[in-house]
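I have placed the structure first, in the form of structure tokens, so that the comments after it can refer back to it.
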Amino acid sequence: MTPTQRLTSPGPGDERVDDAVRDDSCVSVERPHPRPDGQDRYTISEVAAHTGLTAHTLRWYERIGLMPHIDRSHTGQRRYTNRDLDWLAFVGKLRLTGMAVADMVRYAELVRAGEHTFDERRALLCATRESVQARIAELRDTLAVLNFKIDFYAEATAVSERALHPA
């Protein structure tokens, strides 16, 4: 099993279609939902504790359109669902890619617009994937330099030790 899996919760605004295309969010296998569907009415502080995001960030995500409309209790408190947690997990993955917030908001708008935006969503994700692959290549090159330097210093230390303590 991979760190992220396609699960059965559709992304916000997605219409119910066949199982092959209805899911538009990823969730972490290591972070299962705290409550089963149907009992998933989380406060903003519970979501903050579960996701590691601050309440301020969650409100900001909602304000800029990165989150769908969040239901409210009769007293006006936000009430999040497992579907919202799934979406936040996916947004977290997008953040890790380095995707610009404006592009994440655009992606969220496309999801809410419906299935006719699949091609545009795919194009946005493909561009992000290319950027991630380029960063991975840069990091591999950087790692090779670090490994070379570490090996150099290890060998230099060994040579120095042998010179100081001949057998």
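Following full-length UniProt numbering, the numbering of the sequence shown begins with 1 at its first residue and continues without gaps.
Glycine included, every Cβ here is placed at the ideal spot set by N, Cα and C.
Inset, instruction - Starting from VAL73, follow the alpha helix (DSSP H) in both directions and report where the run begins and ends. - result: In the sequence under discussion, the amino acid at residue 73 is Ser, which differs from the Val named in the question. No alpha helix (DSSP H) holds SER73; DSSP gives it neither H nor E.
Inset, instruction - Taking only runs that begin and end inside the UniProt domain "HTH merR-type" (41-110), name each unbroken beta strand (DSSP E) of 3 or more residues, in chain order. - result: none
Inset, instruction - Mind reading off the beta-carbon distance from GLN68 to ARG35? Whole number of angstroms is fine, and I expect it under 8 angstroms. - result: Checking the sequence, you will find Pro at residue 68 rather than Gln. About 19 angstroms separates the beta carbons of PRO68 and ARG35, which is beyond the 8 angstroms limit, so they are not a contact pair.
Legend entry - With 16 other Cβ atoms within 10 Å as the buried cut-off, status of GLU15: With a pLDDT of only 42 at GLU15, under 50, the local geometry of the prediction cannot be trusted, and the value read off the model is given with reservation. Exposed, by the Cβ-count rule.
Legend entry - the stretch 115-132 in contact with the stretch 76-93 per 3-pair CB rule at 8 angstroms: no
Inset, instruction - Taking only beta-carbon positions, decide if ARG95 is within less than 8 angstroms of chain C. - result: Protein chain content of the structure displayed is limited to a single chain, and chain C is not contained in it.
Legend entry - Simplified DSSP assignment, three categories, for THR4: Model confidence at THR4 stands at a pLDDT of 40, short of 50, so the residue's coordinates are unreliable; what they give is reported in the following sentence. Here THR4 sits in strand by DSSP.
Legend entry - Assigned secondary structure, HIS116 (DSSP; H/G/I helix, E/B strand, else coil): helix
Inset, instruction - Using beta-carbon positions only, say whether ILE64 and VAL105 come within less than 8 angstroms of one another. - result: yes
Legend entry - Exposure of THR51, with buried meaning 16 or more beta-carbon neighbours within 10 Å: buried
Legend entry - Other residues of its chain near ALA123: CB distance less than 8 angstroms, five sequence neighbours each side excluded: none
Inset, instruction - Whole angstroms is fine: what's the gap from ALA158's alpha carbon to LEU146's? - result: 18 angstroms
Inset, instruction - Work out the CA separation of SER45 and THR57 for me, nearest whole Å. - result: 11 angstroms
Inset, instruction - Whole angstroms is fine: what's the gap from GLY114's alpha carbon to ASP40's? - result: 25 angstroms
Inset, instruction - Just the C-alpha distance for VAL91 and PHE118, rounded to the nearest angstrom, thanks. - result: 17 angstroms
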